[in-house]
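Counting in the numbering used here, the sequence shown runs from 9 upward without gaps.
Everything on this sheet refers to the single structure shown next.
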Amino acid sequence: MIQLSSKVIIKFLLVMQKHGYIGEFEYVDDHRFGKFVVELNGRLNKCG
9 MIQLSSKVII KFLLVMQKHG YIGEFEYVDD HRFGKFVVEL NGRLNKCG
């Protein structure tokens with residue numbers, strides 16, 4: 009779960025999804041900042 013939502017995070021998640029590192033993701037509106045729930049598929053390893 010990613011706590012803060014912004015246009016930059018949306019674009020980053022779309023790029024990661026396009027290259028197959030993550031599955032589907034959805035935006036959850038909590039009437040504050042919003043959250044993203046991301047489906048991990050196991051291809052993301054040793055980041056950073």
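By construction, the Cβ of each residue, glycine as well, lies at the ideal position given by its N, Cα and C atoms.
Owing to the predicted nature of the structure, the values given are computational and were not obtained by experimental measurement.
Query: Taking the alpha-carbon of residue 52 as reference, which of 31, 15 and 43 has the nearest alpha-carbon?; Result: 31
Query: Going by beta-carbon coordinates alone, are residue 29 and residue 13 separated by less than 9 Å?; Result: no
Query: Would you kindly report the start and end of the unbroken beta strand (DSSP E) that includes residue 30?; Result: 30-36
Query: Take residue 49 as the anchor and find which of 37, 24 and 39 has the nearest alpha-carbon.; Result: 24
Query: Since residue 46 sits in a beta bridge, which residues does DSSP pair it with?; Result: 33
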